[in-house]
Amino acid sequence: MFRFAALNILTRPLRSLLALVGVSVSIAGVVGLISVSGGLRGMMTDTLAKVEGLVMIEANSVDPIFSTLPVAYAKRVEAIPGVQACVPELWRVAPNVEGGKTLVGLFNAVVVLGLDPERHTRLSAGHVYSRSMRRGRNVEVRDRGTRNVVISERLARKYAKDVGGSIRIGEEQFPIVGVYDTGSLFLDGTIIMHLEEATRVAGFQKELVTSFYVEAVSRDPAELARIEKAIEAEFANEPKKVDCLSTTEWQTEFGAMLRNLDVFLLVVSSIAVFVGAIGVLNTMLMSVTERVPEFGILKANGWSRWDVTRLVLIESALLGVIGGAAGCGLGVLGVTVAGRFMPFAPQASPALLLGAFSTGVVLGILGGVYPAHRAAGLHPVEAIRAG
């Protein structure tokens, strides 16, 4: 019966091909969309894993760039028991770099980070950037009053710059004293300079910063939670209240965003799968309609309703198997090509491919249920007479 079903598909190549295209394209779309979501999730997880301390920002701010806090908060935080150091930071989108446009986006924005090197040295584990230096040095106390900056390996390649050269921000040249590489696209779009210089470049008030990086003496989660609450309580009655977030809480924030993205991708994928199922249904219905006499002869020769049903379902399942396999192949190819032009690597895992292939098979079977039922219900004599 399997061979019989395969021959039926091959005898109608154009119609079968159209059904296969519908299935394969829908499965390829599912693989591509979920791979992008997985790659984005992996990149965010890797990025947050590099940030070991707590981040203190203005209450209800979604990002340090949109936060504003008094720099004097640092001393009050360091007075809290269990706090190793509190480093003020100033994050701002950089004015046009090397004559290009000022970019604001998830991956392409170049931002300026101002650090206080004196407080920075109090960090026992160091900052994510100081731990990622590749060439030259990080911003130090001696850089006060200079325009010295540290750039990422990615920016160095993009603008053909290196240690000893300079990079133009706005209308000014800034000597490059170091190059870092965190391996994270979220972090590697940053130009680091002395806090005072960043304040001048950003046009910020001297007594203000955007956020604080807080390092605790202990890495114990319970102790970190206690310090978070203590910091937020310290400024609860101030005009500028604060939120103190750990890596776990950042992951929760990003996780909520990604769940919304997953819901959207699920809706889009469901539409694609539905379209594929309609294609199989249409193909099998037309096939059954054309083969009414054939089914009549088969039933007249002793085939049962179940035999006819099984034949049609095997045909539709074969379309699902071939379309699912082709869709997975197209999806992997598309993800591989797209990954070369995307700022992160989409992840087409074996589990995803197995799930997508299984979806293709189920899609094919479901598309054949009604046509199989219709074929099985034909009366032998009437079916033969219809031919």
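Quick note, my numbering runs 26 ahead of the 1-based positions in the sequence shown. Beta carbons are placed, not taken as given, at the ideal position from N, Cα and C, and that holds for glycine. Just so we're clear, the structure is a prediction, and the values are computed from it rather than from any experiment.
What residue does the alpha helix (DSSP H) around residue i start on, and which one ends it?
| i | result |
| --- | --- |
| I253 | P247 to E260 |
| I177 | Per DSSP, I177 belongs to no alpha helix (DSSP H); it is in the beta strand (DSSP E), V175 to S178. |
| R331 | R331 to G365 |
Identify every residue that forms a DSSP beta bridge with residue i.
| i | result |
| --- | --- |
| G140 | L116 and M219 |
| C270 | M82 |
| M159 | Y206 |
| L234 | P96 |
| A111 | E241 |
With 16 as the cutoff for other CB atoms within 10 Å, does residue i come out buried or exposed?
| i | result |
| --- | --- |
| N327 | exposed |
| S50 | buried |
| D246 | exposed |
| F212 | buried |
| T236 | buried |
| M69 | buried |
| V338 | buried |
| H153 | buried |
| K325 | buried |
| T335 | buried |
| I297 | exposed |
| S93 | buried |
| P376 | exposed |
| G131 | For G131, the predicted model reports a pLDDT of 48, less than 50, meaning its position is unreliable; a value from the coordinates is still stated below. By the neighbour-count rule (16 or more Cβ atoms within 10 Å), G131 is not buried but exposed. |
| T274 | exposed |
| D214 | buried |
| P39 | exposed |
Taking the C-alpha atoms as reference points, what is the distance between residue i and residue j?
| i | j | result |
| --- | --- | --- |
| A224 | A303 | 57 Å |
| S295 | S384 | 14 Å |
| G386 | L379 | 10 Å |
| N308 | S330 | 24 Å |
| L234 | P143 | 17 Å |
| R145 | L287 | 39 Å |
| P121 | Y185 | 15 Å |
| I253 | L116 | 22 Å |
| A382 | V56 | 7 Å |
| G190 | K232 | 29 Å |
| G415 | A248 | This structure cannot speak to residue 415, because the chain is shown only from 27 to 413. |
| S150 | V62 | 37 Å |
| M159 | R226 | 25 Å |
| S178 | V81 | 21 Å |
| V243 | T362 | 44 Å |
| A364 | V138 | 29 Å |
| I91 | A135 | 12 Å |
| P265 | D89 | 19 Å |
| L181 | K187 | 8 Å |
| G58 | A343 | 23 Å |
| V395 | A402 | 11 Å |
Which of the three DSSP states, helix, strand or coil, is assigned to residue i?
| i | result |
| --- | --- |
| I195 | strand |
| L474 | This structure does not reach residue 474, given that the chain is present from 27 up to 413, and the question cannot be answered. |
| F200 | strand |
| P406 | helix |
| V318 | helix |
| A417 | Since the first residue of the chain shown is 27 and the last is 413, residue 417 is not available in this structure. |
| A415 | The requested residue 415 does not occur in the structure, where the chain is confined to residues 27 to 413. |
| V88 | coil |
| V165 | coil |
| A135 | coil |
| S123 | Residue identity differs from the one stated: residue 123 is Val in this sequence, not Ser. Three-state result, V123: strand. |
| T37 | coil |
| R29 | helix |
| H153 | coil |
| D214 | coil |
| R285 | helix |
| G65 | helix |
| E275 | helix |
| L400 | The question names Leu, but residue 400 in the sequence shown is Arg. R400 falls in the helix class under three-state DSSP. |
| R102 | helix |
| P376 | helix |
| G328 | coil |
Would you give the residue range spanned by the beta strand (DSSP E) that residue i belongs to?
| i | result |
| --- | --- |
| V240 | S237 to A242 |
Does any C-beta atom of chain D lie closer than 8 Å to the C-beta of residue i?
| i | result |
| --- | --- |
| A401 | You won't find chain D in this structure, because it holds only one protein chain. |
Residue i: beta carbon under 7 Å from a heavy atom of the ligand ATP?
| i | result |
| --- | --- |
| R180 | Judged by which ligands are present, the structure shown has none, so any question about the ligand ATP falls away. |
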